[in-house]
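Here is the structure we will look at, set down as structure tokens.
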Amino acid sequence: MRTKIVAGNWKMNMDKAGTKALLSDLIAELPQTGALVMVAPTFVNLESAVDQLNGIRIEAVAQNMHFEDSGAYTGEISADMLRSIGIQTVILGHSERRAYFHETDELLEKKVAKALEKDMRVIFCFGEELADRKAGKHFEVVERQLSRALFNLPESAWNQIILAYEPVWAIGTGETASPEQAQEMHAFIRQRLAAAFSEATAESVSILYGGSVKPGNAKEIFSKKDVDGGLIGGAALNAADFVAIIKAFD
Ligand code: PEP
């Protein structure tokens with residue numbers, strides 16, 4: 003049985019008070035669930051989130067990190083810094099990092115390697131742009147993103163990796179991939195994993211879908227065989243919506 007996961011990516015939203023209030027609402031409304039629930043507040047509010055979530059079944063995770071241990075990298079955050087405040091999981095490769103901060107597959111390979119070296123779990127995001135899908139190149143693009151950043155890893159590393167397929171055209175646009183499109187891509191990813199590593203590894207990795215998941219569409223998307231949950235942006239900023247999405251597994 004693969005781990006079911008709902009992870010909220012809060013992006014550059016919520017100041018200190020907002021973070022505290024949203025976490026309080028989530029804690030109050032958190033349903034009984036077998037799913038792993040994660041939230042990713044901004045760096046400045048991560049440590050207080052870890053404190054507030056102490057003893058609660060919600061994990062605070064980071065939205066990004068640098069690939070070096072320390073040094074002259076103004077504005078950056080290292081894996082050791084994250085570990086030192088109790089963070090065990092980091093989101094890497096989000097399409098906004100790729101688009102606005104020019105993160106390449108090669109850079110992401112280094113970030114993933116560092117996170118794994120530091121015993122962190124990685125939520126690795128990838129997905130095609132609209133032009134790729136229109137040109138029928140979505141499988142090719144996804145395979146390239148995965149193989150460049152992840153397929154040189156030792157097979158044993160895969161128990162620390164969660165994949166998040168996020169078609170760029172569906173992020174924050176209100177446009178969702180159909181459950182069938184999500185399932186088709188997730189099945190393809192599992193097949194590529196089986197070819198590059200093994201059937202057992204392919205079957206064990208959780209693959210999340212991200213892109214305008216809402217309370218109204220989560221159940222149908224999560225019901226697909228190869229969809230193990232979601233990475234949620236906009237709807238994660240509202241406790242009632244996020245909780246409704248967690249309940250979509252029921
Ligand atoms: C995201 O940014 O990872 C995301 C899926 O955003 P949204 O749910 O708002 O489309």
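For what it's worth, my numbering labels the leading residue of the sequence shown as 3, then goes sequentially. Don't be surprised by glycine CBs; every beta carbon is placed ideally from N, CA and C.
CA-CA distance, Arg99 to Glu105, rounds to 6 Å. For Ala172 against Ala179, the beta-carbon gap comes to about 5 Å, under 8 Å, which counts as contact. Within the segment 92 to 134, the beta strand (DSSP E) runs of at least 3 residues that lie entirely inside it are, in chain order, 123 to 128. With contact defined as three or more Cβ pairs closer than 8 Å, the segment 141 to 151 and the segment 108 to 116 are in contact.
The beta-bridge partner set that DSSP reports for Gly231 consists of Ile7.
In its chain, beyond the 5 residues on either side, Trp171 and Ser214 have a beta carbon closer than 7 Å to the beta carbon of Glu177.
Met83 sits in a helix when the DSSP states are folded into three classes. For Ser180, the Cβ stays outside the 7 Å cut-off from all heavy atoms of the ligand PEP. For Val170, there is no enclosing alpha helix (DSSP H), as DSSP gives it neither H nor E.
At a cut-off of 7 Å, the beta-carbon of Ala196 does not count as near the ligand PEP: no heavy atom of the ligand is closer than that.
Excluding the 5 residues flanking it on each side, Lys18 has same chain C-beta neighbours closer than 8 Å at Val46, Asn47 and Ser50, in chain order. The nearest non-hydrogen atom of the ligand PEP is less than 7 Å from the C-beta of Ile173.
Judged by DSSP in its simplified three-state form, Met16 adopts coil rather than helix or strand. Ile223 carries a helical assignment under DSSP once its states are collapsed to helix, strand and coil. Between Met3 and the set Gln162, Met16 and Lys227, the nearest pair of CA atoms involves Lys227. Secondary structure note for Met40: its beta strand (DSSP E) is the uninterrupted segment Leu38 to Ala42. If you draw a straight line from the Cα of Met14 to the Cα of Thr91, it is about 18 Å long.
Distances between the C-beta of Gly95 and the heavy atoms of the ligand PEP are all 7 Å or more. With a threshold of 7 Å, the Cβ atom of Ile209 does not count as near the ligand PEP, since no heavy atom of the ligand is closer than that. Counting C-beta pairs with one atom in each stretch, the segment 231 to 239 and the segment 189 to 206 have fewer than three that are closer than 8 Å, which means they do not touch. Per DSSP, reduced to three states, the secondary structure at Leu155 is coil, with no helix or strand assignment. In this structure, Tyr211 and Ala184 form a Cβ contact; the two beta carbons are roughly 5 Å apart against a cut-off of 8 Å.
Around the beta carbon of Lys113, 16 or more other beta carbons sit within 10 angstroms, so the residue counts as buried.
The beta-carbon distance between Ile164 and Val124, rounded to whole angstroms, is 7 Å. This is short enough to meet the 8 Å contact definition.
With contacts defined as CB atoms closer than 8 Å, Ile223 and Val39 fail to qualify as a contacting pair.
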